[in-house]
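Read through the structure below, which is laid out as structure tokens, and then see the notes.
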Amino acid sequence: MITQEIAFVEEKEGEKTQDPKPKQTLSLSEFLESNDELAEELKSYIYKKIENHEDEEAVSILNSLISAQPNVTHWKFLFGRLLGDMGQTEKAHKGFEEILQSNPFSYETLFENSLLMDRCGKEKLFSSGLKS
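Under numbering that gives the first Met the number 0, the first residue of the sequence shown is numbered 0, with each subsequent residue one higher.
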């Protein structure tokens, strides 16, 4: 499972010591920002989890990624789609609305939110207190 911090230890070239050096830690956010390939790998990994119907683990990973990178809408979008597929329509709608507040012209989000409302009934979402 993905952890919030990734630690690494720098060692001297060719020299091993008995006393390890202090660990330098990077937050998940810093690590992802410094490594574009890792972000793409994580997307692929999440999609494989979803394909294998390991939805709970995918949700857990996405929660970590959203916490680490709250301004990256792709994680929120994928999270909303997954919640919608899992039948958690109110949470999915709330997530889509959050994306639309910061980017009201996000075609993909508008489309997915419309599909969600059509699938479960717009009246049901609005009667539950999720007014857009």
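By construction, the Cβ of each residue, glycine as well, lies at the ideal position given by its N, Cα and C atoms. Values in this document were obtained by computation on a predicted structure and should not be read as measured data.
Looking only at its chain, what residues have a beta carbon closer than 7 Å to the beta carbon of residue i, apart from the 5 residues adjacent to it on each side?
i, result
"residue 77", "45, 61"
"residue 117", "none"
"residue 56", "48"
Suppose the cutoff is 6 Å on Cβ atoms and the five residues either side in sequence are ignored; what does the same chain contact list for residue i look like?
i, result
"residue 38", "31"
To the nearest angstrom, report how far apart residue i and residue j are at their CA atoms.
i, j, result
"residue 71", "residue 48", "20 Å"
"residue 87", "residue 33", "33 Å"
"residue 35", "residue 113", "31 Å"
"residue 67", "residue 120", "33 Å"
"residue 104", "residue 96", "12 Å"
"residue 99", "residue 80", "14 Å"
Measure the CB-CB distance between residue i and residue j and report whether it falls below 9 Å.
i, j, result
"residue 115", "residue 83", "yes"
"residue 27", "residue 63", "yes"
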